[in-house]
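Protein chains in written order, with numbering that gives the first Met the number 0: chain C, 0 to 272; chain U, 0 to 272; chain F, 0 to 272; chain L, 0 to 272.
Number of protein chains: 4
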Amino acid sequence: MYGIEIDEQYRCCNRIHNPEDIIVKIGSAEIGGGHFCMIAGPCSVESEEQIVGIANEVKKAGADLLRGGAFKPRTSPYDFAGLKAEGLRLLSIAKKETGLPIVSEIMSPRDLELFEDVDVLQVGARNMQNFELLNELGMIHKPILLKRGPGNTVNELLMSAEYIMSKGNRQVILCERGIRTFCEHTRNTLDLSAVPLLKGLSCLPVIVDPSHATGISRLVPPMALAAVAGGADGLMIEVHNDPEKALCDGPQALRPEEYAAVAEKVRQIRAVL
Amino acid sequence: MYGIEIDEQYRCCNRIHNPEDIIVKIGSAEIGGGHFCMIAGPCSVESEEQIVGIANEVKKAGADLLRGGAFKPRTSPYDFAGLKAEGLRLLSIAKKETGLPIVSEIMSPRDLELFEDVDVLQVGARNMQNFELLNELGMIHKPILLKRGPGNTVNELLMSAEYIMSKGNRQVILCERGIRTFCEHTRNTLDLSAVPLLKGLSCLPVIVDPSHATGISRLVPPMALAAVAGGADGLMIEVHNDPEKALCDGPQALRPEEYAAVAEKVRQIRAVL
Amino acid sequence: MYGIEIDEQYRCCNRIHNPEDIIVKIGSAEIGGGHFCMIAGPCSVESEEQIVGIANEVKKAGADLLRGGAFKPRTSPYDFAGLKAEGLRLLSIAKKETGLPIVSEIMSPRDLELFEDVDVLQVGARNMQNFELLNELGMIHKPILLKRGPGNTVNELLMSAEYIMSKGNRQVILCERGIRTFCEHTRNTLDLSAVPLLKGLSCLPVIVDPSHATGISRLVPPMALAAVAGGADGLMIEVHNDPEKALCDGPQALRPEEYAAVAEKVRQIRAVL
Amino acid sequence: MYGIEIDEQYRCCNRIHNPEDIIVKIGSAEIGGGHFCMIAGPCSVESEEQIVGIANEVKKAGADLLRGGAFKPRTSPYDFAGLKAEGLRLLSIAKKETGLPIVSEIMSPRDLELFEDVDVLQVGARNMQNFELLNELGMIHKPILLKRGPGNTVNELLMSAEYIMSKGNRQVILCERGIRTFCEHTRNTLDLSAVPLLKGLSCLPVIVDPSHATGISRLVPPMALAAVAGGADGLMIEVHNDPEKALCDGPQALRPEEYAAVAEKVRQIRAVL
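Okay, structure coming up:
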């Protein structure tokens with residue numbers, strides 16, 4: 000139907016063999032099968048004050064999960080690479096204060112035990128085909144948020160999900176966050192048609208990250224609403240209390256009040272669909 | 000603000016020199032400045048029965064304009080290239096029957112007089128940089144629907160609009176219809192972030208054509224709704240009463256009842272925004 | 000063999016129906032079927048002194064044809080668009096002085112009679128799918144240099160050649176000049192594998208324009224040599240006596256002495272192949 | 000000069016701070032600084048007979064290094080993933096028999112001790128931004144062959160080299176092996192202009208892999224010659240004694256006699272340059 004052969008290559012995640020939507024549960028939140036999930040927080044955890052402050056703000060605005068980077072993959076070896084173990088400790092404090100489950104990126108199987116209190120492990124776009132990492136994450140019992148690489152196809156994303164699922168872990172959330180094209184203004188080009196495509200091809204929930212996809216905070220609200228209207232099961236949005244001073248990706252972060260306004264519109268569009 | 004210099008190169012269409020939205024009027028329909036416009040109809044005009052039938056259906060579903068191709072640019076010289084003058088005559092009949100203004104593609108200045116009864120002249124994606132055609136269309140007094148070429152940037156699209164506007168015709172409607180990328184399932188990749196980008200950079204209305212952008216009818220409804228939520232000023236959707244037998248682009252056409260369902264959802268999302 | 004169906008869609012240019020290479024003759028020069036051709040000259044004709052001076056230089060360096068733009072398609076309506084008819088007159092003077100046949104771009108069938116003294120008519124990348132222009136050029140008796148659009152596939156290029164050939168004119172030369180990609184340094188990305196692909200699929204000669212493909216004069220010599228080693232039937236290289244003051248595309252032009260050095264290396268590589 | 004700021008971000012590999020070419024020595028072979036290197040062998044090691052047979056053939060044809068995959072990253076978890084430790088053991092046998100140094104891909108720092116007898120460690124395209132792996136490889140004393148990811152820019156490739164070099168290991172060889180574009184025939188699009196670009200920007204040797212770049216064996220010889228003429232410091236070419244039965248990537252492999260013919264032409268072009 001979509002020009003893709005959904006055959007044995009996708010035996011765990013394809014829609015034909017698995018007609019029922021997979022619903023991923025994270026604390027009291029659910030995603031997939033009609034359940035929608037809002038994930039918000041800063042690109043990087045910078046300090047206790049920062050992460051707890053933002054966590055309180057996004058909770059107030061109705062977010063279901065808190066995101067925050069502790070291990071940060073950076074193109075340059077000379078850029079800020081995150082607070083690492085200390086960052087995870089601060090995330091735990093924010094989780095305890097607000098009750099929000101937390102999402103954070105893992106870059107190596109070696110770090111797994113540091114992530115004990117993390118509710119959803121994120122595989123970053125650059126590691127989408129780090130098969131050793133995927134294999135290890137297939138053997139644990141936690142939801143995995145798998146981001147599409149900017150140079151990767153929809154089929155490759157599904158194959159990477161298949162690495163995780165074929166090892167036993169079926170709690171996989173797919174995330175579209177922009178692809179590499181010739182477009183000159185945005186960091187990447189949001190491929191929104193991947194959302195209905197992925198939902199037609201597979202049984203997995205699909206969320207959208209408009210912050211990384213555009214790299215421009217002004218474009219985040221319209222693309223967030225577009226993603227919801229296009230059928231996404233959730234959004235991951237970067238929120239920072241002081242974008243100008245953010246240690247990473249400030250220009251794409253929303254302020255808490257901007258996030259709250261988007262979240263309200265998202266609820267209204269969800270009500271229409 | 001977007002990493003683009005809005006300077007003298009865009010003196011007619013840029014937002015800074017022209018802070019007010021341009022509103023294009025087509026009969027009783029308006030587009031831009033908060034006014035939204037639904038354009039629907041077949042890829043090609045095939046017969047009087049076909050075009051009048053579809054025109055009645057889309058009018059019933061609330062469409063503001065009827066589209067229909069008479070001069071069809073085709074990649075291959077051996078493919079059906081449209082009914083040409085006869086196609087325009089049949090469009091006129093449909094216009095008279097339904098009262099819907101009509102949109103049709105013009106490929107050469109030589110054909111201008113044949114288009115007398117056509118309300119909006121469309122410049123197709125392949126002719127976006129046919130500067131001779133753009134110059135001629137700058138000297139007439141009709142709205143021009145300018146489609147972005149699949150290999151063209153947002154800046155190039157604005158420059159092509161500038162060709163038309165700098166000759167005197169300010170009634171230009173921009174249309175995003177998908178770009179060339181490495182994605183394997185869809186005909187093109189819908190670049191939806193171009194919509195808020197273009198609306199921030201220029202004063203022109205921007206519509207989206209989800210039919211050509213995806214090439215797959217199942218993806219048209221979600222991408223149509225996404226476009227509306229993302230801020231588009233209108234939609235151009237292909238509708239055919241018998242997609243399997245369409246002479247051109249059948250796989251991307253909606254049936255009239257599918258179109259009516261999308262149009263209803265569009266109105267609901269518009270009401271929320 | 001290449002994953003392309005060479006069928007009736009390519010009846011005039013495909014290799015299976017037309018196993019013999021087409022050899023295009025231009026004055027005493029030949030291209031295709033083992034014959035190699037060097038085309039050189041400025042992006043734009045600027046003055047008699049400039050074009051005659053450059054013509055003499057490139058002739059001395061062994062060029063077979065002189066190129067020079069008189070009608071210049073420009074992204075912006077406010078940029079220098081060429082000397083038009085006067086530019087063609089100056090090209091004729093350079094032709095008379097040096098005996099070099101001339102190549103120049105035609106943008107509209109309306110201008111055809113102005114091109115009487117032009118030996119090869121160039122269809123620019125932006126007009127590769129201007130089917131009205133292609134149809135007209137199919138009815139004349141002169142070689143056509145058809146440039147690949149930066150957003151167009153190899154199949155589309157062949158289809159555009161087919162437009163010309165199916166009308167009767169079989170003297171078509173294909174030209175690869177770079178495609179749109181995410182690469183950040185070069186104007187376009189030279190797709191050199193298109194050369195052996197096109198020569199395997201069709202019977203037409205294929206040349207390469209490393210100047211437009213890279214947009215950077217330092218990259219022109221290595222890409223020119225690469226094109227020759229990769230099997231190209233010719234090169235089109237921009238040469239200007241004063242690149243800093245060129246009215247168009249100066250940064251990609253070679254000085255005459257740089258061109259002469261490349262031309263010498265090209266001959267040596269040709270001798271090896 | 001190329002529109003890139005060569006500043007502190009590239010302190011180890013940039014050309015300005017490091018005007019001398021880095022020459023990487025591998026046994027008696029050298030690469031960079033005018034030294035050229037031919038790497039050949041199968042995609043995957045399949046058996047002792049296969050790898051020793053091919054090693055003898057490519058040695059006879061003048062290859063300087065033997066390549067062979069033991070740990071194979073595959074898009075699908077259900078595809079053949081290499082013989083792993085056993086594959087490395089067979090490579091060692093081929094090395095002992097022929098005296099050829101060996102190149103093989105490493106996917107995880109955990110496997111480092113298995114690679115004791117491997118002369119050059121390859122980082123595959125999918126792991127170009129696996130920063131944990133890069134950091135570890137920066138702390139060993141062996142040459143690293145770093146392949147450009149198909150969705151990665153030239154700047155990102157240099158930054159990944161910088162990860163390795165900033166940890167102390169300066170023996171890095173860059174490899175262009177094709178990028179993701181809209182082109183429909185080839186597996187990837189060989190970006191040959193990256194070769195002179197990288198050599199202008201950095202002091203590192205740059206080789207080309209025309210086998211992965213094109214995915215079509217018929218295109219390998221012309222692209223190999225083009226790479227040499229374009230200034231590459233070496234070639235990595237897949238050779239298989241029975242491509243139809245290869246367990247991986249057979250359609251892009253040359254037979255030994257085809258490889259010998261290319262190698263001879265390469266020497267002739269090198270002599271001209």
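Glycine included, each C-beta is placed from N, C-alpha and C at the ideal position.
Since we're looking at a predicted model, the values are computed, not measured.
- Taking CB atoms only, U/Ser27 has no neighbour in chain F less than 8 Å away.
- One alpha carbon belongs to L/Gly67, the other to L/Ile53, and they sit about 10 Å apart.
- No residue range can be given for U/Gln170, since it is assigned to no alpha helix (DSSP H) and is classified by DSSP as neither H nor E.
- Within chain C, no residue has its beta carbon less than 7 Å from that of F/Phe114; the closest one is some 33 Å off.
- Close to chain F, meaning a Cβ-Cβ distance shorter than 8 Å, are the following residues of the region 190-223 of chain L: Asp190, Leu191, Ser192, Ala193, Val194, Pro195, Leu196, Gly199, Ala212, Thr213, Ile215, Arg217, Leu218, Pro221 and Met222.
- Across the region 139-160 of chain U, CB contacts with chain C closer than 7 Å involve Thr152, Val153 and Asn154, in sequence order along the chain.
- Note on the region 201-235 of chain F: whole alpha helix (DSSP H) runs with a minimum of 4 residues are 209-213 and 219-228, in chain order.
- Selection C/Ile105, C/Glu47 and C/Leu120 evaluated against C/Glu85 yields C/Glu47 as nearest (Cα-Cα).
- From the listed residues L/Asn126, L/Arg254, L/Glu155 and L/Lys146, the smallest Cα separation to L/Leu200 is found for L/Glu155.
- For the pair U/Lys146 and U/Glu175, the Cα-to-Cα distance works out to about 6 Å.
- Between L/Lys94 and L/Leu120, the gap from beta carbon to beta carbon reaches 8 Å or more.
- Residues of the region 254-268 of chain F with a C-beta less than 9 Å from any C-beta of chain L: Lys264, Gln267 and Ile268, listed in chain order.
- For C/Gly40, the uninterrupted beta strand (DSSP E) segment begins and ends at Cys36 to Gly40.
- For the set L/Ile101, L/Lys166, L/Ile38 and L/Ala80, the Cα lying nearest the Cα of L/Asp248 is the one of L/Ala80.
- In this structure U/Gly233 does not touch U/Ile25 by the C-beta definition: roughly 10 Å separates them, more than the 8 Å allowed.
- In the three-state DSSP reduction, L/Gln49 falls in the helix class (H, G or I).
- Using a Cβ-Cβ cut-off of 8 Å, F/Arg125 is close to nothing in chain C; its nearest Cβ partner there is about 15 Å away.
- Of the other Cβ atoms in all chains shown, fewer than 16 fall within 10 Å of the Cβ of C/Glu112; this residue is therefore exposed.
- Contiguous alpha helix (DSSP H) elements confined to the region 114-198 of chain F occur at 130-136 and 153-165, taking only those with 4 or more residues.
- Comparing alpha-carbon positions, the option among F/His16, F/Gly33, F/Leu87 and F/Ala39 lying closest to F/Ile22 turns out to be F/Gly33.
- Residue state for U/Glu19 is assigned as coil, using DSSP reduced to three classes.
- The Cβ of C/Thr74 sits no closer than 8 Å to any Cβ of chain F.
- Close CB contacts of L/His239 within its chain, under the 6 Å cut and outside five residues either way in sequence, are with Pro41, Ala245 and Ala252 (chain order).
- Residue-level contact check: C/Thr185 does not touch chain F, since none of the beta carbons of chain F fall below 8 Å from its beta carbon.
- For L/Ile268, the uninterrupted alpha helix (DSSP H) segment begins and ends at Pro255 to Val271.
- By the criterion of a C-beta distance shorter than 6 Å, U/Glu263 is surrounded by no residue of its chain, once the five residues flanking it on both sides are discounted.
- Taking every protein chain shown into account, the CB of L/Met138 has fewer than 16 other CB atoms within 10 angstroms, so this residue is exposed.
- Using a CB distance cut-off of 8 Å, F/Cys182 counts as an interface residue toward chain L.
- With fewer than 16 other Cβ atoms inside 10 Å of its own Cβ, U/Pro18 counts as exposed.
- Looking at the DSSP output, F/Leu65 shares a beta bridge with F/Ala39 and F/Ile101.
- With respect to the 8 Å criterion, L/Ala226 and L/Asn187 are not classified as neighbours on the basis of their beta carbons.
- L/Arg176 is outside the set of residues whose beta carbon lies under 8 Å from a beta carbon in chain U.
- F/Met37 and C/Tyr162 have their C-alpha atoms roughly 53 Å apart.
- Under the criterion of beta carbons closer than 8 Å, U/Gln267 and C/Val271 qualify as touching, at roughly 4 Å.
- The C-alpha of U/Gly230 is placed about 21 Å away from the C-alpha of U/Ala60.
- Counting C-beta atoms within 10 angstroms of its own C-beta, C/Gly167 has fewer than 16 neighbours from the protein chains shown and is therefore classed as exposed.
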